[in-house]
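Enquirer: So that we are looking at the same thing, I have put the structure below in structure tokens.
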Amino acid sequence: MGSVLSSSAKIRKKRRSTASSRKRRARFSVSSEKTYVPESKSRSQECEPLPSNLNHTAYSGVDQAISADATASYEEFFTQLSRRNVLGNTHSINNSSTLSASCADEARASVLSFFHASSDEYTVIFTPNASGALKLVGEAYPFTDESRYLLACDSHNSVHGIREFAGRYGAGVHYIPSTPKGGLDVTTAHRLLFRHQPNSPDAAPCLFVMTAQSNISNAKSPLSITQYAGALGYNTVLDAAALAPTSYISLTDYPVDAMAVSFYKMFGFPTGVGALVAKKSFLRKLRRPWFAGGNVDVVQVPGTVVTLSSKLHERFEDGTVNFLSLAAVGDGIRFLSAYMPFLPLRLSTLLHYLASSLSKLRHDKTDTPVVRILSALPSRRLTSVGAQSDVGSILSLLFLAPSGEMLPNSFIAHAASRMCISLRTGCMCNPGGAATLLGIEDAMQELYDGVTLGAFEQAMGRELGVIRVSLGLASNFQEVWNVIRFARVIAQEEGRMSLWAGWFAASGKA
Ligand SMILES: Cc1ncc(COP(=O)(O)O)c(C=O)c1O
């Protein structure tokens with residue numbers, strides 16, 4: 001045991017120096033939400049010279065807050081880890097298992113501390129992602145036909161998905177509408193929460209899941225709404241997947257029943273690990289629909305007797321947790337914590353520069369705007385360390401042709417990738433938020449069972465979705481500048497037409 005713990009300590013020490021060497025090294029790129037492209041590899045990718053004199057050689061990713069060299073981190077991390085230690089499945093008592101379990105416990109403690117959650121009240125359940133955390137709540141929430149599930153239209157699909165569980169038990173599902181800029185209106189939210197509140201303390205349980213920050217409209221919802229809902233008797237869950245990477249969240253100040261996060265969105269590595277940070281009292285009310293390895297102490301076979309694990313988090317962690325990656329969570333939390341005080345100020349400056357530069361841009365031949373920004377912009381630019389922005393650091397926009405018509409997002413994505421910029425397009429798994437920004441809420445109400453996106457787009461006569469630039473921990477001026485330079489090329493007829501011809505040919509339309 002002693003030697004195990006000392007090697008664990010060595011790893012931690014080594015990992016700390018690895019993290020700082022990561023900081024010192026060159027920046028890295030992420031090409032999309034899920035696929036990381038190390039700069040060294042992307043350099044060798046062919047980015048064709050543009051008709052203008054732009055000639056980028058480095059790939060630039062401007063989505064989902066992080067631009068970290070995940071691949072290199074993996075290599076570095078696993079090399080260190082495998083040289084010095086053997087980690088094993090946590091469901092045993094041998095040395096490897098004990099080391100894994102201590103890494104997992106360290107990660108749990110870091111997460112609790114980062115979110116100011118007392119370990120007496122809260123525990124951390126590791127999941128594959130934020131969706132997995134939300135699903136844990138949805139599938140186990142004790143809905144009845146008198147329960148109500150409240151959520152905002154401007155939410156991620158994993159929050160909408162909970163309505164399937166609610167519906168299975170005949171619970172009422174009630175939506176809080178978006179404001180024209182996305183998010184929700186506090187007065188409307190209060191009114192709806194009040195109207196659908198549980199009738200008495202013994203009434204059927206009612207669930208309110210709030211999206212802390214929209215991943216498409218950039219709107220933040222005041223966390224105080226969860227306090228209001230809690231006081232009315234709702235169970236409250238915060239989807240903090242988009243807020244946690246750039247803003248402080250204190251579960252001491254806002255003691256929601258549970259909160260979902262995803263770690264790669266917060267600090268880039270590891271992927272495939274999220275968490276449900278939940279009150280132990282809340283977890284005890286949930287009814288898991290099944291059990292698996294890791295959840296149980298004893299199972300009678302054949303038979304019906306099942307004794308669940310005495311550790312509450314284990315009852316919710318199905319099978320083997322991602323024990324190798326968990327060892328990296330503590331470092332990630334320390335890394336983000338070190339930057340957190342300065343991050344909002346830095347991101348506010350970058351977002352302000354990006355948004356104002358793009359807004360001013362005009363087509364060379366018609367003097368008409370090149371972009372239309374759809375997402376919420378901050379009411380003010382931050383000027384001091386420690387200040388918090390009233391919105392996130394996402395820019396959702398459309399590119400416009402000189403006529404004012406929308407340029408297809410698929411063209412913009414193609415053109416940007418020719419300049420070695422990865423732009424994310426689509427509805428960002430947030431159909432309600434996208435519908436609001438695109439002004440198609442009424443059309444969405446006409447959808448029918450079995451409708452495809454293709455059919456919906458055909459009916460609307462255009463591609464549905466936005467272009468999203470999201471800034472975070474590793475975003476820097478160069479990336480923002482690359483987007484502005486790209487937009488300048490779109491503003492020039494010659495550059496745009498040349499890219500258009502390439503897109504037309506590549507998409508088989510020629
Ligand atoms: C607000 C919000 N909630 C939930 C999710 C789902 O996260 P994950 O992909 O980690 O499951 C996302 C992903 O972008 C998100 O932005």
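Here full-length UniProt numbering is used: the first residue of the sequence shown is 1, the next is one more, and so on. Each residue gets a CB set at the ideal place from its N, CA and C atoms; glycine is no exception.
1. Output the distance between the C-alpha atoms of R15 and L251, rounded to the nearest integer angstrom.
2. Between which two residues does the beta strand (DSSP E) holding G183 run?
3. Label N476 either buried or exposed according to how many other C-beta atoms from any shown protein chain fall within 10 Å of its C-beta, with 16 as the threshold for buried.
4. Rounded C-beta distance between A275 and V159? I'm assuming under 8 Å.
5. With DSSP collapsed to three states, give me the class of G172.
6. Reducing DSSP to helix, strand and coil, say where T383 ends up.
7. Can you find a C-beta in chain D that's less than 8 Å from the C-beta of F267?
8. Any heavy atom of ligand 1 closer than 7 Å to the Cβ of residue 511?
9. Do L184 and D145 have their C-beta atoms closer together than 8 Å?
10. DSSP puts T236 in a beta bridge; with which residues?
11. Report the three-state DSSP secondary structure of R22 (helix, strand or coil).
12. Quick check on the burial criterion: 16 or more other C-beta atoms within 10 angstroms. Buried or exposed for N235?
13. Ligand 1 heavy atoms versus the CB of H156: any closer than 7 Å?
14. L347 and S396: beta carbons closer than 8 Å?
15. Report yes if the C-beta distance between D239 and A219 is below 8 Å; otherwise report no.
16. Contact check, W503 vs A416 under 8 Å by CB: the rounded distance?
17. Whole angstroms is fine: what's the gap from I66's alpha carbon to V469's?
18. Please list, in chain order, all residues of the same chain as V298 whose beta carbon is under 8 Å from its beta carbon, the five residues on each side excluded.
19. In the structure shown, what three-state DSSP assignment does F263 receive?
20. Quick check on D257: buried or exposed, where buried means 16 or more other Cβ atoms within 10 Å of its Cβ?
21. Three-state secondary structure (DSSP) at F126?
22. Could you check if V137 is buried or exposed, using at least 16 other CB atoms within 10 Å of its CB as the buried criterion?
23. Are three or more beta carbon pairs between the region 348 to 365 and the region 284 to 304 nearer than 8 Å?
24. Is the Cβ-Cβ distance between V466 and L350 less than 8 Å?
25. So, do the region 383 to 397 and the region 193 to 207 have three or more beta carbon pairs nearer to each other than 8 Å?
26. Measure the Cβ-Cβ separation of A212 and L243 and say whether it is below 8 Å.
27. Flag this pair as touching only if the region 487 to 504 and the region 362 to 378 have three or more C-beta atom pairs under 8 Å; answer yes or no.
28. Could you check where the alpha helix (DSSP H) with F411 kicks off and where it finishes?
29. For R148, which residues of its own chain have a beta-carbon under 7 Å away from its beta-carbon, when the five flanking residues on both sides are left out?
30. Is DSSP giving Q227 helix, strand or coil here?
31. In three-state terms, what does DSSP make of S257?
32. Specify, as a first and last residue, the run of the beta strand (DSSP E) that V277 falls within.
33. Buried or exposed: which applies to E76, given that a residue is buried once 16 or more other Cβ atoms fall within 10 Å of its Cβ?
34. Taking only heavy atoms of ligand 1 into account, decide whether any of them is closer than 7 Å to the Cβ of D318.
35. Can L345 and L382 be called in contact, C-beta distance under 8 Å?
36. What first and last residue would you give for the beta strand (DSSP E) that runs through G426?
Expert: Answer, in terms of the structure:
1. Per-residue confidence for R15 stands at a pLDDT of 40, beneath the threshold of 50, marking its modelled position as unreliable; the derived number appears in the next sentence. R15 and L251: Cα-Cα distance of roughly 28 Å.
2. G182 to L184
3. exposed
4. Not really, about 16 Å apart at Cβ, beyond 8 Å.
5. strand
6. coil
7. Given the protein chain composition of this structure (a single chain), no chain D is represented.
8. Residue 511 is absent from the model: the chain starts at 1 and stops at 510.
9. no
10. F208
11. In this prediction, R22 has a pLDDT of 38, which is less than 50 and means its spatial position is unreliable; what the coordinates show is noted afterwards. Reduced to three states, the DSSP call for R22 is helix.
12. buried
13. yes
14. no
15. no
16. Contact flag wrong, Cβ pair sits at about 11 Å.
17. For I66, the pLDDT reaches just 43, beneath the cut-off of 50, and the residue's location in the model is therefore unreliable, leaving the point undetermined.
18. V305, V306 and T307
19. helix
20. buried
21. strand
22. buried
23. no
24. no
25. no
26. yes
27. yes
28. N409 to R418
29. A171, G172, H174, H196 and C206
30. helix
31. Strictly speaking, residue 257 in this sequence is Asp, with Ser absent from that position. Coil, per DSSP.
32. G274 to K279
33. buried
34. no
35. yes
36. R424 to G426
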